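In UniProt numbering, the protein residues as written are 1 to 418.
Beta carbons are placed, not taken as given, at the ideal position from N, Cα and C, and that holds for glycine.
Please read all numbers here as calculations on a predicted model, not as lab measurements.
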């Protein structure tokens, strides 16, 4: 085993090549990526990732919900200790970018390859993880939620995707087993710490001219579906004052959402990205309109107030338009403050490599907020060009990719040593 104190560094060209290769899987004609979890493109990306692990001589295990955990070979004493985990996700939003999630997974993989190649002395194992469905096609931060709190079979059977497919059906078609999926909750005693590298997805680091972001905390993440039920009638023969138009009510809610957010706090945000209508004909008054809502806020008590305000406003609108309203909200993922000691370790790693860094919160949800419920957790940000994310234009400079991966490697090695 190599006991040298010389600083290890990642193989930058290898990491860049991996990001380019993964970025070609699920790429559409406009340059955006479509790798919804459990889709064909997602399956291809998973197979590619497992192949890269095998090529490096790393052991990969897939749990019941589809999370992939990767490990080098450690001696029995080291392997038995609580582990340091690092990773993110490779699924994307529709027409998404090539760095969100993928950077964290592939940088963690590269760190393991360097550990496998150089064999530094460690007191506990370092493992990489790829979380299933972070983007919430079926549930917010799905894979890490399964590790942190678990899902019952009833909960899993009730989940539907953004395209209306039942999770149970799609999961079974890809070889998944619901009973195994209910048995993925992780024992916190097996974890020492977790660290996630991610693009910032905003403009702050670029505007400051800084290389590294040390994440202080992550906002709460909530959401679900608000359904308005009216009555489908003929578009030409039903007087305007006798209509029970579900879509008109849904439209009123959409218009009200900005005021809902601002009434709770300056930082609260509410978004609707999907509206579905039934029966969906130009000459039929909509009898049903479903509105997805995504809401975020940094303070726990205020996120509860945000959901309550959405409900109250939707009920008032339903009464106004003579329709019924129903709510199907997911379990809210609470905000977290990330571990101060790990933040200090990240800062020391950045400073040692003569990189400029600053502390900042995350306005986006991440698997780290679930992992923080299990073990001390930290996050590292690198700049996003023009602050763009969740779009084909999402981009990060290759030097920032390598800098972030090196800070991650230093942090993981530090946490893996007493």
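Would you decide whether residue i is buried or exposed? Buried here means 16 or more other CB atoms lie within 10 Å of its CB.
| i | result |
| --- | --- |
| residue 322 | exposed |
| residue 1 | Note that residue 1 has pLDDT 44, beneath the 50 cutoff, so the model's placement of it is unreliable and the number below is only indicative. Exposed. |
| residue 4 | Residue confidence for residue 4 is low, a pLDDT of 43 falling below 50, so the modelled location carries little weight and cannot support an answer. |
| residue 70 | buried |
| residue 307 | buried |
| residue 196 | buried |
| residue 57 | exposed |
| residue 164 | exposed |
| residue 340 | exposed |
| residue 157 | exposed |
| residue 286 | buried |
| residue 356 | exposed |
| residue 396 | buried |
| residue 354 | exposed |
| residue 241 | exposed |
| residue 21 | exposed |
| residue 244 | buried |
Whose C-alpha, out of the options, is nearest the C-alpha of residue i?
| i | options | result |
| --- | --- | --- |
| residue 394 | 217, 416, 351, 200 | 200 |
| residue 389 | 102, 50, 73 | 102 |
| residue 182 | 95, 351, 147, 86 | 147 |
| residue 90 | 56, 79, 25, 140 | 25 |
| residue 104 | 386, 16, 315 | 16 |
| residue 226 | 79, 127, 326, 27 | 326 |
| residue 82 | 88, 318, 67, 122 | 122 |
| residue 282 | 235, 96, 214, 129 | 235 |
| residue 346 | 380, 316, 375 | 380 |
| residue 352 | 314, 385, 309, 410 | 410 |
| residue 246 | 259, 240, 231 | 231 |
| residue 350 | 412, 295, 44 | 412 |
| residue 377 | 88, 279, 113 | 88 |
| residue 62 | 180, 14, 249, 40 | 180 |
| residue 329 | 142, 292, 280 | 292 |
| residue 9 | 295, 38, 119, 319 | 119 |
| residue 252 | 85, 290, 159 | 290 |
| residue 416 | 127, 109, 66 | 127 |
| residue 54 | 274, 112, 272 | 112 |
| residue 408 | 198, 43, 206 | 198 |
| residue 258 | 294, 41, 204, 319 | 294 |
Tell me the residue span of the beta strand (DSSP E) that contains residue i.
| i | result |
| --- | --- |
| residue 229 | 220–229 |
| residue 127 | 126–131 |
| residue 196 | 191–199 |
| residue 288 | 288–297 |
| residue 269 | 269–271 |
| residue 276 | 275–278 |
From which residue to which residue does the alpha helix (DSSP H) around residue i run?
| i | result |
| --- | --- |
| residue 170 | 167–173 |
| residue 282 | Note, residue 282: premise wrong, no alpha helix (DSSP H); not H, not E. |
| residue 255 | 246–264 |
| residue 10 | First-last for residue 10: undefined, no H or E at that position. |
| residue 26 | Premise fails: residue 26 is in no alpha helix (DSSP H) and is neither H nor E. |
| residue 143 | 142–148 |
| residue 400 | 398–415 |
| residue 153 | 153–158 |
| residue 206 | 204–208 |
| residue 178 | 178–181 |
Notebook entry, point to check: Is it a yes or a no for the stretch 369–378 touching the stretch 325–345, going by three-plus beta-carbon pairs under 8 Å?
Noted result: yes
Item checked: Stretch pair the stretch 257–265 + the stretch 202–211: three plus CB contacts closer than 8 Å -> no
Next item on the list: Run through the stretch 320–384 for me and flag every whole beta strand (DSSP E) of 3 or more residues, listed as ranges in chain order.
Entry: 324–329, 357–362, 377–382
Next item on the list: Jot down the residue ranges of each uninterrupted alpha helix (DSSP H) in the stretch 38–111, minimum 4 residues, whole runs only, in chain order.
Entry: Runs of the alpha helix (DSSP H) inside the stretch 38–111: 40–55, 76–79.
Check: For the stretch 46–55 against the stretch 134–142, are there 3 or more C-beta pairs whose distance is under 8 Å?
Finding: no
Check: Below 8 Å, can you find three or more Cβ-Cβ pairs linking the stretch 216–224 to the stretch 403–415?
Finding: In short, these stretches do not touch, since the Cβ pair count stays below three.
Check: Per the contact definition of three or more C-beta pairs closer than 8 Å, is the stretch 294–311 in contact with the stretch 265–282?
Finding: yes
Checklist line | Three-pair Cβ contact test at 8 Å for the stretch 94–101 versus the stretch 30–38 | finding: yes
Next item on the list: Check whether the stretch 351–363 touches the stretch 168–184, taking contact to mean three or more Cβ pairs, one atom from each stretch, closer than 8 Å.
Entry: no
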